[in-house]
Ligand code: SAH
Ligand code: SF4
Ligand code: F3S
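Residue numbers (this note's numbering): 7 to 469.
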């Protein structure tokens, strides 16, 4: 039986009525502020809106509904949301019929939904990360005239897995294999805003992938905060390596990616499965965070500088074509210059093909939030620049090794700046631009890499 709040048909009727009153099909703009998981949630939310009769748009101006799917992993992510709320206010003043909605991680953060309602009284609906499936019912309340509808739940309510999704790309898709996170890295707010770790049943995941492939998908990205711990707590014990073996068997599926791997749980079995696979991409995102043992311990990461490097070594031995990318945090409380030197040392020795470098951002409620911050922002900025420079040098040097090779590229679109060029990705996840026709978008084509430009390649098609 469908739970009433998940019922899209009642919403559909209300949407139709309002369209008749306003004299046009209602337009909805969904803006995503966060990571791939946030992006996948947005695809589900867009699927609901489309099924309910909305036309989707990328423009806030002239929209009848705007939904911000927010992020709070770092303070600047949260500030970006607050900044955009000003834009919403302008639109609402122009169009009192505009429905303004907020959801996602920032809303799930303790206290922030109430604050938003107080400071931004023109927001109509707020919900969190645990009740996406209840969006149709909540939106219906707003359309029926209820003011400032708020629902934030601590535990997951309803499942949104079977809901329709409106995918950004027809040829590739994210697939949630697990939700939440139990790792409680000391700096991180994700476990607080995404709840406890829960894995989906393998059979369900496989069914979803099969149906995506039938729908034209060539590449899937298996999503979880720590995919390497997949399967814990399921009635039929299965681990991530075993899941990958099954996903590999899906006929018609050409590429498999996954995000994110926690170094502490990456098994030799997984390395074997990757190395022997014809579909798993030669890319691994393996967040390091810091190269200092003392900081790693304080961060609750459960690995050391040397154990991380030994893992990288095993991966590189098993798969010489593998690209390893990482995340690094600079400026963690109590971090010293020597700690930063350790991080730089790992960057050099691991020879990352790419890295995201972040300045530590204090998140309320996390363990690290109570630690003393010993260095000032100027010093941290200088360390950040040093790490960034090393990352850039190391990664462009590493990527150069692919220059001259003929490699497969999944064409993702026409280049935004130069319409004569197509842009796509290698199995290694690196972007390649090459001359071609728009008709190739969505296919996997052979391209010879002619030049490495730091973090991307130029190439030419070579069939
Ligand atoms: N689950 C993933 C990461 C999710 S958050 C993992 O464990 O690898 C993505 C990245 O944001 C993290 O890898 C980390 O580098 C960064 N990050 C998380 N919290 C942060 C904070 N408080 N300040 C700065 N960077 C942070
Ligand atoms: Fe955050 Fe750590 Fe969980 Fe990643 S594994 S989401 S960094 S707590
Ligand atoms: Fe993702 Fe940001 Fe939430 S990184 S899990 S959207 S806090």
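The beta-carbon is built from N, C-alpha and C at its ideal position, and this holds for glycine as well. None of these values were measured; they are calculated from a predicted model.
Outcome for residue i when other beta-carbon atoms lying within 10 angstroms are tallied against a minimum of 16
{"i": "residue 268", "result": "buried"}
{"i": "residue 166", "result": "buried"}
{"i": "residue 137", "result": "buried"}
{"i": "residue 130", "result": "buried"}
{"i": "residue 492", "result": "Shown here, the chain extends from 7 to 469; a query on residue 492 therefore has no answer."}
Residue of the options minimising C-alpha distance to residue i
{"i": "residue 184", "options": "340, 402 and 202", "result": "202"}
{"i": "residue 125", "options": "441, 142, 187 and 91", "result": "91"}
{"i": "residue 213", "options": "380, 246, 237 and 182", "result": "182"}
{"i": "residue 171", "options": "99, 58 and 209", "result": "58"}
{"i": "residue 134", "options": "270, 385, 252 and 74", "result": "74"}
{"i": "residue 368", "options": "304, 56 and 338", "result": "338"}
{"i": "residue 280", "options": "55, 44, 323 and 416", "result": "323"}
Residue j beta carbon less than 8 Å from that of residue i
{"i": "residue 439", "j": "residue 455", "result": "no"}
{"i": "residue 50", "j": "residue 146", "result": "no"}
{"i": "residue 496", "j": "residue 378", "result": "The requested residue 496 does not occur in the structure, where the chain is confined to residues 7 to 469."}
{"i": "residue 119", "j": "residue 156", "result": "yes"}
{"i": "residue 111", "j": "residue 63", "result": "no"}
{"i": "residue 451", "j": "residue 467", "result": "yes"}
{"i": "residue 177", "j": "residue 223", "result": "yes"}
{"i": "residue 334", "j": "residue 349", "result": "yes"}
{"i": "residue 285", "j": "residue 254", "result": "yes"}
{"i": "residue 200", "j": "residue 187", "result": "yes"}
Alpha helix (DSSP H) segment containing residue i, residue limits
{"i": "residue 340", "result": "Residue 340 -> no alpha helix (DSSP H), and no H or E assigned at all."}
{"i": "residue 111", "result": "111 to 114"}
{"i": "residue 463", "result": "Run containing residue 463: none in the alpha helix (DSSP H); it sits in the beta strand (DSSP E), 462 to 467."}
{"i": "residue 119", "result": "118 to 125"}
Continuous beta strand (DSSP E) stretch holding residue i: start and end
{"i": "residue 261", "result": "261 to 265"}
{"i": "residue 61", "result": "61 to 63"}
{"i": "residue 289", "result": "289 to 291"}
{"i": "residue 396", "result": "Unbroken run through residue 396 is the alpha helix (DSSP H), 383 to 405; no beta strand (DSSP E)."}
{"i": "residue 457", "result": "450 to 459"}
{"i": "residue 430", "result": "427 to 432"}
{"i": "residue 157", "result": "155 to 157"}
{"i": "residue 198", "result": "No beta strand (DSSP E) contains residue 198, which is instead part of the alpha helix (DSSP H) from 196 to 200."}
Under the three-state DSSP convention, the category residue i falls into
{"i": "residue 10", "result": "With a pLDDT of 49 at residue 10, under the threshold of 50, the modelled position of that residue is not reliable, and no figure is offered here."}
{"i": "residue 349", "result": "helix"}
{"i": "residue 88", "result": "helix"}
{"i": "residue 163", "result": "coil"}
{"i": "residue 286", "result": "strand"}
{"i": "residue 319", "result": "helix"}
{"i": "residue 364", "result": "strand"}
{"i": "residue 325", "result": "coil"}
{"i": "residue 240", "result": "coil"}
{"i": "residue 185", "result": "strand"}
{"i": "residue 294", "result": "coil"}
{"i": "residue 4", "result": "Here the chain has residues from 7 to 469 only, and residue 4 is not among them."}
Proximity test, Cβ basis, 8 Å: residue i and chain D
{"i": "residue 22", "result": "Going by chain labels, chain D is absent from the structure shown, which holds only one protein chain."}
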